[in-house]
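Inspection log for the structure reproduced underneath, given as structure tokens.
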Amino acid sequence: MRKSRILLIWMLALFLTACSSSDDASLPDVQEREREDAINTEQMRKENELLKEQVRNNQKEKDAKEQENVESLRETLNITFKLMAAMQSNNYTYLESVSSPNIEISQQNNIIISKLEQGDYEVPFLQNVSLNNLEYRGFNPLDSDRVILHMATVWSDGNSALDFYFIRSEKGNWLFDGLLTNG
136 MRKSRILLIW MLALFLTACS SSDDASLPDV QEREREDAIN TEQMRKENEL
186 LKEQVRNNQK EKDAKEQENV ESLRETLNIT FKLMAAMQSN NYTYLESVSS
236 PNIEISQQNN IIISKLEQGD YEVPFLQNVS LNNLEYRGFN PLDSDRVILH
286 MATVWSDGNS ALDFYFIRSE KGNWLFDGLL TNG
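For what it's worth, the working numbering labels the leading residue of the sequence shown as 136, then goes sequentially.
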């Protein structure tokens, strides 16, 4: 029995020695994996910070563009109201002062002549338009220097679309560049 105990102790010692030596052999592998994981984690953290910065910059650009559109809408809407009032009162001086070089005002016929590459088109001055029958339909920025303000006159028997075209001058202010209507 004593021999079997010695043999059992010897086998147990041999088994424990074999297990401890394999752990020592894998320790550098574990350390290498931990080092690689730390490097990968740091790279991902840097990429994440870069992406966050790009998102912040994109949001700032989006906010600036949205603010620019709001300002453009405000300016063109104000000009539109003044244009309609000038048409009703035949204020040719104002009409010419806010018109682009593509617009000609005919004082004899009270019409707006838009000169385009495709040809000229004429629109009579708007009459009988008031805030009571005017409706805002939309704002369409074509690019940073051209916009369309969509309005309509609304009557009990229908409505007429009014599309006011504007371009930005070299000085940065908006100029009336045309009017299309189906009424």
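C-beta: ideal position from N, C-alpha, C; glycine also.
Can you tell me whether DSSP reads residue i as helix, strand or coil?
{"i": "Val165", "result": "helix"}
{"i": "Glu270", "result": "strand"}
{"i": "Asp172", "result": "helix"}
{"i": "Ser249", "result": "strand"}
{"i": "Glu305", "result": "coil"}
{"i": "Phe299", "result": "strand"}
{"i": "Asp255", "result": "strand"}
{"i": "Asn237", "result": "coil"}
{"i": "Leu143", "result": "helix"}
{"i": "Val282", "result": "strand"}
{"i": "Asp218", "result": "The amino acid at residue 218 is misidentified as Asp; the sequence shows Leu. Helix at Leu218."}
{"i": "Ala148", "result": "helix"}
Could you give the distance in angstroms between the alpha-carbon of residue i and the alpha-carbon of residue j?
{"i": "Glu252", "j": "Lys181", "result": "53 Å"}
{"i": "Phe299", "j": "Ser235", "result": "12 Å"}
{"i": "Ser249", "j": "Phe311", "result": "10 Å"}
{"i": "Asn317", "j": "Gln202", "result": "31 Å"}
{"i": "Phe274", "j": "Glu188", "result": "31 Å"}
{"i": "Asp278", "j": "Asp164", "result": "59 Å"}
Just to confirm before moving on: does the CB-CB distance between residue i and residue j stay below 8 Å?
{"i": "Leu315", "j": "Ile247", "result": "no"}
{"i": "Ala221", "j": "Leu212", "result": "no"}
{"i": "Leu269", "j": "Met286", "result": "yes"}
{"i": "Phe260", "j": "Leu284", "result": "no"}
Within the continuous beta strand (DSSP E) that includes residue i, where are the two ends?
{"i": "Leu310", "result": "Trp309 to Thr316"}
Residue i lies in the alpha helix (DSSP H); which residues open and close that run?
{"i": "Leu230", "result": "Tyr227 to Ser232"}
If contacts are defined as beta-carbon pairs under 8 Å, then residue i and residue j qualify, I think. What distance do you get, rounded to the angstrom?
{"i": "Asn245", "j": "Asn225", "result": "7 Å"}
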